[in-house]
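656 is the number that this note's numbering gives to position 290 of the sequence shown; each next residue is one higher, with no gaps.
Below is one structure, written out as structure tokens; the observations come after it.
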Amino acid sequence: MSQAAAVIDTTELVRTPAAQLPGRISTPVATLEGSAILKVAGEIRQRIAAGEKVCNLTVGDFDPKQFPIPAYLESAIVDALHERETNYPPSLGMPALREAVIQYTERSLGLRYPVDSVLVTSGSRPGVYGTYATLCDPGDRVVYGAPSWNNNYYCHMVGAEPVPVTCTVEDAFLPSPAAIAPHLAGARLLALNSPLNPCGTCYTADALGQICDLVLEENARRGPGERPLYLMYDQVYWQLTFGDVEHVDPVTLRPEMARYTIYIDGISKAFASTGVRVGWVIAPTDIIEKMNNFLQHVGTWAPRAEQVASARLLMAEEAIQTYRQELIAGARLRLDALYNGIAALRDAGHPVDAVAPQGAIYLSGRFALMGRTTPEGERLTTNDDIRRWLLRTAGLGVVPFNAFGMDGENGWCRLSIGAVSMAEIDGALPRLRAGLEALR
């Protein structure tokens with residue numbers, strides 16, 4: 367641009383409200399709601415930027431100051447960049463990483479898959495979307511638990527019919543075999559997650575085995591012209607289980623489920639590497655082939671250097687075990703502190719509760735404050751009222767289960783510990799107690 371040319375100011379043109387331009391946005395996108403979780407997190411970031419003291423238990427992410435990625439992975443990424451691993455990777459994923467995923471899965475879970483059953487993605491999320499898009503036609507029924515992460519949004523994105531199964535605390539907020547069974551006839555996809563986001567709970571071998579039996583029985587009933595029922599099993603948190611809790615998966619429990627199971631996995635949670643963006647799908651090879659064709663056009667492959675580094679990490683068993691022990695210790699320390707703090711308030715007679723953490727980085731906490739009145743005279747009547755009160759009074763940022771597709775004003779919330787220190791938790795609990803004592 368020459369020095370004499372005038373700068374064209376486009377501000378007014380590009381900020382025209384969509385309401386003034388009817389039809390500008392496609393119907394599927396115009397009617398798709400943004401993430402309620404990220405909306406809450408954005409509000410909290412603004413408060414923190416303004417200098418407020420907030421214990422931010424909202425986003426399922428890790429603060430690198432609290433949970434850095436493995437030093438082995440960090441060095442491997444730098445090495446890969448120095449080796450000029452910076453061009454496009456193959457759309458299915460780097461061969462070394464796909465092979466490493468196969469070996470890691472066999473070594474860790476005892477499952478042997480062929481390498482052409484693996485598709486690498488930029489984190490786990492594209493694998494979930496790819497599963498929906500590959501398997502579901504508009505109107506197909508998708509069964510999933512409520513609360514759960516984003517299944518309602520993915521149904522909207524592909525035009526599937528959502529079939530949420532409301533879960534209870536008695537079942538650890540996991541959809542039970544009895545609750546699922548009535549909905550499988552004619553369904554195309556069953557979406558499960560364990561350890562569970564948002565609740566931090568895990569399936570037992572007995573419960574998941576019964577669900578697998580239901581899937582196998584349903585598929586056996588279907589005729590030659592009927593499409594099968596598939597199970598998408600999101601196990602991205604599987605390495606984060608606590609105490610005597612052991613992760614279970616469909617194919618280990620029922621080997622014949624290999625025909626019908628799509629595994630979602632990656633390094634984002636197991637290695638606190640959410641921003642590194644390396645995930646993968648393991649599924650029947652025909653599904654992988656077609657999912658790859660679809661995701662090629664979306665461009666969801668993980669960065670090449672990070673793939674090279676992840677392949678090296680997955681082959682470094684000693685580094686994995688050392689890091690895993692450190693991550694579990696840090697996560698459990700924070701979850702136990704929150705759980706014990708809320709349990710103490712419950713035992714003191716306050717209307718709060720929590721579910722003992724079993725896995726992932728989440729705690730299910732209940733703040734049953736409907737009908738209570740604040741010292742300022744505000745009556746709390748909804749989950750969002752309670753969320754705002756917790757943030758304003760205790761400096762505690764949480765996400766109600768409504769953000770995870772669960773209906774009802776019941777006070778249940780997700781508390782995520784990946785971005786907070788023990789000092790922040792220890793500081794928030796007395797503020798919570800003081801706030802509860804001031805309610806009428």
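Cβ coordinates follow ideal geometry from the N, Cα and C atoms, glycine included.
Item, Value
"Beta-carbon separation of S676 and V644 under 9 Å?", "yes"
"Would you list the residues sitting across from R732 in a DSSP beta bridge?", "D719 and W778"
"By DSSP, does V529 sit in helix, in strand, or in coil?", "strand"
"How should H448 be labelled, buried or exposed, when 16 other C-beta atoms within 10 angstroms of its C-beta is the threshold for buried?", "exposed"
"Mind reading off the beta-carbon distance from S457 to W667? Whole number of angstroms is fine, and I expect it under 8 Å.", "6 Å"
"Between L423 and V647, is the Cβ-Cβ spacing less than 9 Å?", "no"
"Please list the terminal residues of the continuous alpha helix (DSSP H) segment that includes I791.", "M788 to A804"
"Please classify N658: does DSSP put it in a helix, a strand, or coil?", "helix"
"Nearest to D702 by CA position, among K405, D713 and L729, is which residue?", "L729"
"What are the start and end residues of the alpha helix (DSSP H) that includes L619?", "P616 to L619"
"Can you have a look at L379 and say buried or exposed, based on whether 16 or more other CB atoms are within 10 angstroms of its CB?", "exposed"
"Buried or exposed for E583, please, with buried defined as at least 16 other CB atoms from any protein chain shown within 10 angstroms of its CB.", "exposed"
"Would you tell me roughly how many angstroms separate the C-alpha atoms of P513 and Y438, rounded to the nearest one?", "35 Å"
"Considering only residues of the same chain and omitting the five flanking positions on each side of I410, which have a CB-CB separation below 8 Å?", "V420, N422, T424, L757 and G763"
"Work out the CA separation of M681 and Q469 for me, nearest whole Å.", "8 Å"
"Please determine, among D751, T627 and Q724, the residue with the shortest C-alpha to C-alpha distance to I577.", "T627"
"Is the separation between the beta-carbon of A740 and that of T759 shorter than 9 Å?", "In the sequence as presented, Ala is not what sits at residue 740; that position holds Thr. Cβ distance < 9 Å, so T740 and T759 count as in contact."
"CA-CA distance, R712 and G552?", "44 Å"
"If you scan the segment 604-655 from start to end, which runs of the beta strand (DSSP E) of 3 or more residues do you find wholly inside it?", "627-632 and 645-648"
"Taking Cβ positions, are P616 and Y603 nearer each other than 9 Å?", "no"
"Since D427 is in the alpha helix (DSSP H), which residue starts that stretch and which ends it?", "Neither: D427 is in no alpha helix (DSSP H) and is coded neither H nor E."
"Have a look at P650 and P461 and give me their C-alpha separation to the nearest angstrom.", "18 Å"
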